[in-house]
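> The sequence shown runs 12 to 91 under this note's numbering.
Glycine included, C-beta positions come from ideal geometry on N, C-alpha and C.
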Amino acid sequence: MIFILKSHESTNKVGDNLGAVIAFGLSQFAQNHLVTIASSNKVAIQYLEKKGIALDSDNNHNIAIADIIIHTIIALAMAT
12 MIFILKSHES TNKVGDNLGA VIAFGLSQFA QNHLVTIASS NKVAIQYLEK KGIALDSDNN
72 HNIAIADIII HTIIALAMAT
């Protein structure tokens, strides 16, 4: 199982979609593996279920059983 944990919320549309894009790409090339994505905004990524990607919010369970974990983090520029 491949588990993708999105831990960023941003007003940047590209940043918001990073985990979803990775999940979709992996699901196309890792068809013998379950791809699961977790996000605090499940409504925004519900369309991925139609593409065969599982949505889940139980991070502890998914991390424990995953073969591969991808944690997407968007680094935001901060004023100094």
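Give me, in chain order, the residues of the same chain whose beta-carbon lies closer than 7 Å to that of ILE33; leave out the 5 immediate sequence neighbours on both sides.
So the qualifying residues of the chain are ILE15, ILE81 and THR83.
> Going by Cα to Cα distance, which pick from GLN57, THR47 and LYS53 is closest to ILE76?
Considering only alpha carbons, the answer is THR47.
> Which residues in the same chain as PHE35 place their Cβ atom closer than 8 Å to its Cβ, once the five residues preceding and following it in sequence are excluded?
Correct list, in chain order: LEU59, LYS62 and ILE64.
> Could you check which residue in HIS72, SER50 and ASN70 has the C-alpha nearest to that of LYS31?
For clarity, residue 31 is Ala in the given sequence; the question names Lys instead. Of the candidates HIS72, SER50 and ASN70, the one whose C-alpha sits nearest the C-alpha of ALA31 is SER50.
> ILE13 bridges to which residues according to DSSP?
BP columns for ILE13 point to VAL46 and ILE79.
> What is the DSSP secondary structure of ASN23, counted as helix, strand or coil?
With a pLDDT of only 46 at ASN23, under the threshold of 50, the placement of this residue in the model should not be trusted, and no figure is reported.
> Whose C-beta lies closer than 7 Å to the C-beta of PHE12 among residues of the same chain, with five residues either side of it excluded?
Position check: residue 12 holds Met in this sequence, whereas Phe was assumed. Contacts found: HIS44, LEU45, THR47, ILE76, ALA77 and ASP78.
> Is LYS53 near LEU37, with beta carbons less than 8 Å apart?
Contact flag unset, no.
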